[in-house]
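Accompanying notes for the structure given below.
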Amino acid sequence: MSDKVLELKNVTAGYGPTHVLRGITLSIVPGERLAVIGRNGAGKTTLLSTIMGLTRMHGGSLHYGGAGD
Ligand SMILES: Nc1ncnc2c1ncn2[C@@H]1O[C@H](COP(=O)(O)OP(=O)(O)OP(=O)(O)O)[C@@H](O)[C@H]1O
Ligand SMILES: [Mg+2]
């Protein structure tokens with residue numbers, strides 16, 4: 041069983057047909073912190089929205105707190 045509370049593998053996501061995130065892979069274990077940095081429009085908010093299920097996933101997999109795909 042995985043000890044990861046958040047895991048994204050090769051995620052492509054965006055708004056409607058538009059791809060904003062491409063090939064995002066990251067994971068977090070309990071107690072770990074991950075900083076996301078980038079210029080304006082790089083996709084930081086889109087990444088958080090994707091983790092919350094508010095964007096359209098075009099590819100890859102996403103598991104948060106033991107749920108989702
Ligand atoms: N609701 C939306 N519909 C369509 N495109 C969007 C939407 N929100 C953001 N975008 C586009 O997605 C891309 C990433 O934007 P996002 O807001 O995720 O960047 P950000 O890194 O959070 O920027 P900032 O530092 O300004 O907060 C930009 O090209 C933006 O225009
Ligand atoms: Mg933002």
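Here our numbering is used: position 67 in the sequence shown is 107, and no number is missing along the way.
Just so it is clear, CB atoms sit at the ideal spot from N, CA and C, and this is done for glycine as well.
This structure is a prediction, so every number in the text was calculated from the model and none was measured.
Sorted by chain position, which residues of the same chain lie with C-beta nearer than 7 Å to residue 63's C-beta, five sequence neighbours on each side aside?
In the sequence shown, counting from the first residue as 1, residue 63 sits at position 23. Same-chain partners within the cutoff: 50, 52.
Since residue 66 and residue 74 should fall inside the 8 Å C-beta cutoff, what is the C-beta to C-beta distance between them, to a whole number of angstroms?
On the sequence shown, position 26 is the one that residue 66 refers to. On the sequence shown, position 34 is the one that residue 74 refers to. Their Cβ separation, rounded to whole angstroms, is 7 Å, which keeps residue 66 and residue 74 in contact under 8 Å.
Own chain, CB closer than 8 Å to residue 83, minus 5 neighbours either side, in chain order
In the sequence shown, residue 83 corresponds to position 43, counting from 1. Excluding residues within five positions, the ones whose Cβ falls inside 8 Å are 60, 61.
Here's the rule: buried if 16 or more other CB atoms are within 10 angstroms of the residue's CB, otherwise exposed. What is residue 48?
Translated into positions along the sequence shown, residue 48 becomes position 8. Buried: at least 16 other Cβ atoms inside 10 Å.
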